[in-house]
Amino acid sequence: MPTLFRAMPLIVAATGCLCTGQAQHLPVSPPAPEVLLSTHFRTPLTYEAALARVDQYLDEEVGRKAAVAFPQIAPKQHFDLWHDMWVSFGASDAAGIPVTIQRPTDGTTARLVKGWMLNLAGRLDAPVPLEFKEEPALHSAEGDVYGATRDVIRVLKTDASMKALPTWQHAGLIVSGGPLASVMLAPAGLHGIHHITVMAQTAPAAKALLTRIQQAVLKPGIYAAYSEDAEIDEEIRNLAQGRVDTAAVTDTRAVFIPQMDPKLIENRLRLDPEIMKRSAAAQGQYDVRFRIDKAYQKVVVKWSELTGYSRTDGKFQGERALGQTALPAPKMSVQSGGHLVARTRLESLKPGAYRIVLEGANGAGEVVPIDERIFWFDGKSFEEL
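In short: position in the sequence shown from 1, add 340, done, that's this note's numbering.
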């Protein structure tokens with residue numbers, strides 16, 4: 341008798357059942373609740389010495405100094421940009437300086453966050469083991485707005501507790517240390533739409549802050565610049581990747597099917613007559629999305645190139661006019677959410693900085709400045725500077 345069949349009674353006895361091809365039902369654990377994880381300890385270091393330790397730690401970990409990655413948001417309160425943690429230092433006494441570290445987390449990320457806190461605390465000579473506390477979670481509210489980071493900063497500039505932070509991880513980040521709150525921006529397409537995530541200590545506070553931003557950001561001005569050609573390219577890439585993903589999910593055959601190359605699908609899509617027609621019409625077309633709140637005889641959008649532009653200090657060597665578009669008696673469109681689009685045909689733009697000026701002519705024929713913005717073009721998309 342084969343060994344497998346001789347061992348079958350033992351298998352049945354050990355498992356309590358003989359498998360019949362039916363899947364065993366395993367209980368699914370409920371998702372872990374979100375919490376505000378915190379730890380509190382005392383460091384024997386002075387505040388200045390502690391900052392020096394943090395500076396060395398972040399330089400080793402992420403290659404950035406504390407002045408960049410650990411900015412101050414209030415007196416003796418900092419925000420760790422790499423780990424999204426609030427770090428507060430208390431008043432010094434004979435026992436040292438109290439330090440509090442806080443970060444939103446859940447059951448999935450709690451272990452990882454505790455490791456981050458341990459690493460930072462270790463650099464500050466904290467006594468071990470650390471004690472962790474789960475406090476009530478921050479509440480979030482999300483939505484989309486037409487606007488850039490500077491528009492949101494303008495809305496919140498009257499709130500002294502909100503601090504805009506330069507960040508390499510988000511399109512924009514504004515935080516408050518008391519009470520804890522944050523506003524995070526992420527791009528949501530080429531048309532100047534940003535997805536905003538607001539976090540606050542209560543649900544009404546988060547909702548109120550989001551509503552305040554969405555309503556106040558609707559100011560006359562420029563909201564986005566984009567290339568129609570780049571927009572079509574992105575559409576083609578998304579279509580190609582979508583077909584690859586769909587094929588991978590729906591193909592249930594047992595034989596091995598090599599994964600399709602998205603580039604091959606992109607090339608086929610570009611040969612489609614309708615896409616070829618759209619691509620030809622989009623060549624050299626650059627669009628500006630803007631908003632006005634009054635009637636004008638005409639609105640003019642002007643483009644210019646800032647040659648030799650330095651992103652470090654904002655200085656440039658010269659300015660060269662590229663072209664402009666005039667819209668006679670523009671009317672606000674309810675369907676587009678109150679935004680208008682000015683299309684301008686320009687020479688093919690190379691990577692660099694560009695100034696866009698929005699002007700209006702009133703009933704007396706006088707030119708009225710509406711807005712002016714500088715964008716960096718990387719060859720595909722425009723980023724406001």
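Here a beta-carbon is modelled for each residue, glycine too, at the ideal position from N, C-alpha and C. Predicted model, so just to flag it, every value in this text is computed and none were measured.
Using DSSP's beta-bridge definition, name the partner residues of residue i.
{"i": "F429", "result": "V439"}
{"i": "M539", "result": "S480 and S522"}
{"i": "S567", "result": "Y626"}
{"i": "L667", "result": "V639"}
{"i": "V533", "result": "One detail in the question is off: residue 533 reads as Ile in this sequence, not Val. Per DSSP, Y486."}
{"i": "G512", "result": "L525"}
{"i": "T383", "result": "I437"}
Mark residue i as exposed unless 16 or more other C-beta atoms lie within 10 angstroms of its C-beta, in which case mark it buried.
{"i": "W643", "result": "buried"}
{"i": "M616", "result": "exposed"}
{"i": "V628", "result": "buried"}
{"i": "E374", "result": "buried"}
{"i": "G436", "result": "buried"}
{"i": "Q364", "result": "Here Q364 scores only 40 on pLDDT, less than 50, and its place in the model should not be relied on; the value that follows carries that caveat. Burial call: exposed."}
{"i": "E568", "result": "buried"}
{"i": "V468", "result": "exposed"}
{"i": "W426", "result": "buried"}
{"i": "A682", "result": "buried"}
{"i": "K503", "result": "buried"}
Kindly give me the distance between the Cβ atoms of residue i and residue j, rounded to whole angstroms, as I take these residues to be in contact under 8 Å.
{"i": "A293", "j": "S428", "result": "The structure shown does not extend to residue 293, since the chain spans only 341 to 725, so no value can be given for it."}
{"i": "A540", "j": "H534", "result": "With 8 Å as the limit, A540 and H534 do not qualify as a contact, their Cβ atoms being about 19 Å apart."}
{"i": "S516", "j": "S501", "result": "4 Å"}
{"i": "F381", "j": "A431", "result": "Not quite, the Cβ-Cβ distance comes to about 15 Å (not below 8 Å), so this is no contact."}
{"i": "L376", "j": "P444", "result": "6 Å"}
{"i": "Y397", "j": "R463", "result": "5 Å"}
Do you know how far the Cα of residue j is from the Cα of residue i?
{"i": "R695", "j": "R651", "result": "14 Å"}
{"i": "A701", "j": "D612", "result": "43 Å"}
{"i": "A481", "j": "I413", "result": "22 Å"}
{"i": "Q623", "j": "E574", "result": "14 Å"}
{"i": "A594", "j": "N578", "result": "Summary for A594: the model assigns pLDDT 49, below 50, so the residue's position carries little reliability, and this model does not support an answer."}
{"i": "K671", "j": "K634", "result": "9 Å"}
{"i": "V557", "j": "Y486", "result": "8 Å"}
{"i": "T498", "j": "K547", "result": "18 Å"}
{"i": "V495", "j": "V408", "result": "24 Å"}
{"i": "F715", "j": "L604", "result": "33 Å"}
{"i": "Y566", "j": "R451", "result": "42 Å"}
{"i": "L698", "j": "V641", "result": "5 Å"}
{"i": "D718", "j": "A434", "result": "54 Å"}
{"i": "Y563", "j": "P384", "result": "49 Å"}
{"i": "E614", "j": "F630", "result": "28 Å"}
{"i": "E723", "j": "T489", "result": "10 Å"}
{"i": "R608", "j": "Y626", "result": "25 Å"}
{"i": "A580", "j": "P602", "result": "5 Å"}
{"i": "I553", "j": "P560", "result": "15 Å"}
Which residues mark the beginning and the end of the alpha helix (DSSP H) in which residue i is found?
{"i": "K638", "result": "Note, K638: premise wrong, no alpha helix (DSSP H); beta strand (DSSP E) at K638 to T647."}
{"i": "E493", "result": "A small fix is needed here, since residue 493 is Ile in this sequence, not Glu. Counting along the chain, the alpha helix (DSSP H) containing I493 begins and ends at T489 to L496."}
{"i": "E374", "result": "Per DSSP, E374 belongs to no alpha helix (DSSP H) and is neither H nor E."}
{"i": "R463", "result": "A450 to R463"}
{"i": "L391", "result": "Y387 to V402"}
{"i": "V707", "result": "Not the alpha helix (DSSP H): V707 falls in the beta strand (DSSP E), residues V707 to F717."}
Considering residue i, what are the terminal residues of the beta strand (DSSP E) in which it resides?
{"i": "R683", "result": "L680 to R685"}
{"i": "V468", "result": "It is not in any beta strand (DSSP E) - V468 carries neither H nor E in the DSSP assignment."}
{"i": "V408", "result": "Not the beta strand (DSSP E): V408 falls in the alpha helix (DSSP H), residues A406 to A409."}
{"i": "L698", "result": "G692 to A701"}
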